[in-house]
Structures are given as structure tokens and as C-alpha cells.
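Accompanying notes for the structure given below.
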Amino acid sequence: GKIWATVGELVFNVSAAKQSLHAENVTPTSSEALAYYWSGVSHSRFFVDTLASVKRIGVGTLAGAYLGLLLGINMGLFRGMEATLRPMVTFLGIVNPLAILPILLIVFGVGEESKYILIGIGIFFPVAMTMYNEAKKISKEQVTKALTLGASQLDVVYRVVLPQLWPPFIKTVAISLGAA
């Protein structure tokens, strides 16, 4: 909030100076506004807090995306996992992650874990459902050909399915970051 207020003040000062509407006692000059902004940033926990937020987003995103990728691929390729997990993932996926926040705070407290998990949940469900849908779109002929040529189940996942899922995976993670 402080950053945008300062940017707004700078824009106002520049436009006021251009129009000769700048009064000394009404608004600070641009250099005074910049000096005020820099003193607030350099003498506060701004950089420490920003680094902590970036770490939370990174850890939560990596965990949620990785688990969503694994579960989505498995649900898309294996009928047993699809029948067992898809209804639960579909149901829980429509719940807003912020609605789960009070439960996370009770279970994990106000520490870093609850923040990591909240971001991970926000990424996990969209990624899992997208990977499931994309894995279902992969032609059965490709999987059958790979198995016929001697590929194992893991070879099929890593050499046939996964390369086709990277573009939608990256797109889904990027879009889910906005909601998380």
C-alpha cells in the first residue's frame, strides 16, 4: 500500500510541476517524496518481509504443483485411481482455499506451515484436475504402442505422457498463482 501511495504522489508531483500548480506547503517535491520512500524502505523490514513472501510462494507453489502433477497423471492413466480419487478431488477443488484457512490455523498454528499449505492447496487442485483432463486426452494408441515396444509403466509415464503434459502444466501453474 505504501509503495502505490508513493508512486501516486510522484505522479501527482510530476504533473503538478508541469502545470506549475506545485505549492511548497501543500505537497512535497519529488525529491522529498523519494527520500521519504527510501528512508521507509531502507530502515524497515521491507526486504526481509518481501523475501519471506517470495519463499512462501515458492515453497507452496512447488509442493502444490508437484503433488497435483503426480495425482493428475495417475488419475488420468489408471482407472482405479480415477474411480477412487476423482470425486474427492473434484469436490474439494471447488472449495475456496481461504475457506480452509481457519482450519489450517487451528491445526498448524500461525507459523509458516499454514501459509505454505494454503498456497499449496490453491495450486494443487487446479493442477491436479487439469493434468487429469490432459492425461485423459492422450491417445490410447500411443500408450499401447509404447507398451508393445517393451516400455514399462514408468517409461510410458515419463517418456510418452509427461512430455505432452508440460505445456498445460506450466500454463495451469501460472494461472493458479493468481488465485493462490
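Numbered per our numbering, the sequence shown spans residues 69 to 248. All residues carry an ideal CB built from backbone N, CA and C; glycine is no exception.
Taking only the alpha-carbon atoms, compute the straight-line gap between residue i and residue j and give it to the nearest angstrom.
i, j, result
"residue 169", "residue 214", "44 Å"
"residue 194", "residue 101", "43 Å"
"residue 129", "residue 222", "25 Å"
"residue 185", "residue 94", "47 Å"
"residue 19", "residue 163", "Any question about residue 19 goes unanswered here, given that the chain covers just 69 to 248."
"residue 207", "residue 240", "21 Å"
"residue 119", "residue 151", "41 Å"
"residue 117", "residue 147", "45 Å"
"residue 105", "residue 96", "12 Å"
"residue 124", "residue 171", "19 Å"
Select from the options the residue whose C-alpha is nearest the C-alpha of residue i.
i, options, result
"residue 156", "196, 131, 126", "196"
"residue 190", "142, 205, 160, 230", "160"
"residue 165", "152, 149, 182, 150", "182"
"residue 202", "235, 121, 98", "235"
Are there 16 or more other CB atoms within 10 angstroms of the CB of residue i, so buried, or fewer, so exposed?
i, result
"residue 167", "exposed"
"residue 237", "buried"
"residue 220", "exposed"
"residue 103", "exposed"
"residue 112", "exposed"
Which whole-angstrom value describes the C-beta separation of residue i and residue j, a residue pair presumed to lie in contact below a C-beta threshold of 8 Å?
i, j, result
"residue 144", "residue 199", "7 Å"
"residue 132", "residue 188", "4 Å"
"residue 233", "residue 141", "7 Å"
Compare the beta carbon distance of residue i and residue j with 9 Å and say whether it is the shorter of the two.
i, j, result
"residue 228", "residue 210", "yes"
"residue 192", "residue 136", "yes"
"residue 139", "residue 153", "yes"
"residue 114", "residue 108", "yes"
Taking only heavy atoms of the ligand ZN into account, decide whether any of them is closer than 8 Å to the Cβ of residue i.
i, result
"residue 153", "Absence of the ligand ZN is noted for the structure shown, with no ligands found whatsoever."
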